[in-house]
Amino acid sequence: MYRLLVSLLVFIGALWAVSVIPTCTNPQAGESRVKPGIEVLMSEKLDLIKGKKVGLITNPTGITRSMESTIDVLVRHKEVELTALFGPEHGVRGDFDAGAHIETAFDPRTGIPMYSLYGQTRRPSPEMLQNVEVLIYDIQDIGCRSYTYIYTMAFAMQAAKEAGIPFIVLDRPNPLGGELVEGPMLDLDYRSFIGYYPIAYLYGMTVGELAAFFNREYEIDCDLTVVPMEGWKRSMRFEDTGLPWVPTSPHIPHPLSALYYPTTGIIGELNTFNIGVGYTKPFELLAAPWIDADELAAELNSRNLPGVSFRPIHYRPYYLHFKEELVHGVDIYIIRPDLFKPIATQVHMLTALQKLYPDQPFFETQRHRSFDKAAGSDQLRNLVLEGKSAKEIIDSWQDELQEFEQIRRKYLVYR
Numbered sequence: 174m175y176r177l178l179v180s181l182l183v184f185i186g187a188l189w190a191v192s193v194i195p196t197c198t199n200p201q202a203g204e205s206r207v208k209p210g211i212e213v214l215m216s217e218k219l220d221l222i223k224g225k226k227v228g229l230i231t232n233p234t235g236i237t238r239s240m241e242s243t244i245d246v247l248v249r250h251k252e253v254e255l256t257a258l259f260g261p262e263h264g265v266r267g268d269f270d271a272g273a274h275i276e277t278a279f280d281p282r283t284g285i286p287m288y289s290l291y292g293q294t295r296r297p298s299p300e301m302l303q304n305v306e307v308l309i310y311d312i313q314d315i316g317c318r319s320y321t322y323i324y325t326m327a328f329a330m331q332a333a334k335e336a337g338i339p340f341i342v343l344d345r346p347n348p349l350g351g352e353l354v355e356g357p358m359l360d361l362d363y364r365s366f367i368g369y370y371p372i373a374y375l376y377g378m379t380v381g382e383l384a385a386f387f388n389r390e391y392e393i394d395c396d397l398t399v400v401p402m403e404g405w406k407r408s409m410r411f412e413d414t415g416l417p418w419v420p421t422s423p424h425i426p427h428p429l430s431a432l433y434y435p436t437t438g439i440i441g442e443l444n445t446f447n448i449g450v451g452y453t454k455p456f457e458l459l460a461a462p463w464i465d466a467d468e469l470a471a472e473l474n475s476r477n478l479p480g481v482s483f484r485p486i487h488y489r490p491y492y493l494h495f496k497e498e499l500v501h502g503v504d505i506y507i508i509r510p511d512l513f514k515p516i517a518t519q520v521h522m523l524t525a526l527q528k529l530y531p532d533q534p535f536f537e538t539q540r541h542r543s544f545d546k547a548a549g550s551d552q553l554r555n556l557v558l559e560g561k562s563a564k565e566i567i568d569s570w571q572d573e574l575q576e577f578e579q580i581r582r583k584y585l586v587y588r
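To convert, count from 1 in the sequence shown and add 173; that's this note's numbering.
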């Protein structure tokens with residue numbers, strides 16, 4: 174029975190990764206309060222692409238309110254010629270694992286050339302753009318600096334500038350809302366594809382606002398047009414929009430996953446913990462074989478962190494870190510998303526681990542550089558090792574964060 178259960182769960186996980194099944198509470202277009210950029214483009218701004226050869230950067234998250242693919246919308250329109258598809262990490266159809274290099278191919282559904290921007294190159298080459306007169310970006314973001322899609326966008330903006338073609342961003346909601354700005358800034362000495370520009374870890378902008386920020390602040394200077402959403406407000410989390418949610422990657426299965434990802438994702442880079450990836454709750458857990466689950470839960474609950482509670486948990490991951498090994502830790506319950514602070518919570522978890530288990534070398538791993546890249550520098554790791562309190566660590570980046578917020582305000586489109 175146990176083997177049957179494991180096999181069933183692994184099979185379900187594989188379906189998420191390969192099929193990328195949409196999930197939503199209000200699947201009918203008429204029930205949605207927010208109209209995404211693709212629909213605004215087709216109903217009000219078709220002149221931007223009418224009669225032109227169009228390249229599209231997208232993945233399964235590029236859909237209308239009725240869950241029709243942006244690819245299909247453009248292919249179907251008689252006055253639009255879709256000539257090239259470009260896929261970020263996980264691919265145009267979402268059928269690749271995190272970090273997997275993807276080769277150029279032809280889309281099996283449409284026969285259109287499908288170029289990978291997560292393989293031999295991270296940006297469209299001049300050859301890829303030979304048959305493209307305008308380049309469109311339509312991908313759902315999760316509002317987090319370490320998610321690679323926003324750098325696929327930035328590099329494509331650079332390529333569009335060099336090719337002398339317009340670049341269009343079809344805007345979509347930030348699932349965290351437009352008001353949550355938190356975490357350390359990126360030190361350019363730690364620049365990578367999970368952190369390329371010095372922005373806050375949680376930047377509180379839509380992908381369209383972020384594109385305008387990148388374009389001016391970092392002097393990309395491409396011919397940029399952002400097609401805005403209709404009906405979106407900064408106070409809205411994704412659940413408030415009425416839009417269908419398609420997993421942005423295999424381990425972001427529902428909108429709340431976007432809030433869990435920045436809660437444990439930096440810690441997860443160490444590979445010395447299981448954070449629920451490989452189990453049924455990706456990014457919602459923190460566990461290892463040597464943790465006392467009751468002790469860690471009591472320590473974290475005693476800190477009275479806003480919007481969150483911790484429950485002791487014991488489980489065996491089905492794959493990845495500590496596969497089939499019994500681990501112990503905490504199940505993270507976000508009970509008030511409006512109050513919850515993901516980065517502050519992650520800092521508290523790190524300082525609690527350092528306090529309770531000072532002899533556990535969980536930073537002593539070949540992956541500590543990946544941790545630093547995700548965090549934006551080695552500052553977080555060093556301050557934890559020095560025994561600094563969570564408050565001292567969080568306070569250490571507030572001045573830079575305030576400077577970022579002042580610049581960010583110039584690019585906010587929605588109220």
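Every residue, glycine too, gets a C-beta built ideally from N, C-alpha and C.
Measure from the alpha carbon of residue i to the alpha carbon of each residue in the options, then state which is nearest.
i, options, result
"P339", "E355, S475, R282, L229", "L229"
"I516", "K225, P209, Q293, L574", "L574"
"P426", "T379, G210, D220, P233", "P233"
"D511", "Q331, P479, H424", "P479"
"L553", "V419, Q539, S569", "S569"
"Q618", "I464, V248, E300, V400", "The requested residue 618 is not part of the displayed model; the chain covers only 174 to 588."
"V354", "L432, D311, I244", "L432"
"G235", "E468, I312, M326", "I312"
"L343", "P371, A384, A470, L349", "A384"
"I580", "T294, Y324, Y376", "Y376"
"L529", "E382, A471, E412", "A471"
"Y391", "E382, V400, Y370", "Y370"
"Y310", "L258, D220, G356, P281", "L258"
"G224", "L247, V213, S242", "L247"
"I323", "E382, S562, Q571, L219", "E382"
Spatial neighbours of residue i within its chain, please: C-beta separation below 8 angstroms, excluding the five flanking residues on both sides.
i, result
"I486", "L458, A460, A466, H501, G502, V503, D504"
"T321", "P261, E262, Y291, F366, I367"
"Y488", "Y452, L458, A460, L499, V500"
"F535", "L443, T445, F446, A461, L526"
"E497", "R489, P490, Y491"
Which residues in the same chain have their Cβ closer than 7 angstroms to the Cβ of residue i, if we skip the five residues on either side of it in sequence?
i, result
"R582", "none"
"S205", "N199, R238, T414, G415, L416"
"I439", "Q519, F544, A547, A548"
"K334", "I393, D394, C395"
"A278", "M287"
"E576", "none"
Apart from the five residues on each side of it in sequence, which residues of its chain come closer than 6 angstroms, Cβ to Cβ, to residue i?
i, result
"N474", "F483"
"M330", "F340, I393, C395"
"N347", "G316, T379"
"F513", "G480, V481, I507"
"F386", "Y584"
"A332", "R296, P297"
Which whole-angstrom value is the C-beta distance of residue i and residue j, which I expect to be below 8 angstroms?
i, j, result
"G451", "H494", "6 angstroms"
"R318", "G351", "Contact doesn't hold; Cβ gap of about 15 angstroms is too wide."
"P209", "M409", "At roughly 13 angstroms, the Cβ-Cβ gap does not stay under 8 angstroms, so P209 and M409 are not in contact."
"W405", "V207", "5 angstroms"
Mind checking who residue i pairs with in its DSSP beta bridge?
i, result
"A373", "M358"
"F259", "I230, Y288"
"T398", "I341"
Using a Cβ-Cβ distance under 8 angstroms, would residue i count as near chain C?
i, result
"L499", "Note that chain C does not occur in the displayed structure, where there is just one protein chain."
### Message
Could you check whether the stretch 291-309 touches the stretch 546-563, counting it as contact only if at least three pairs of C-beta atoms, one from each stretch, sit closer than 8 angstroms?
### Response
no
### Query
Should the stretch 235-253 be regarded as contacting the stretch 286-293, the criterion being three or more beta carbon pairs within less than 8 angstroms?
no
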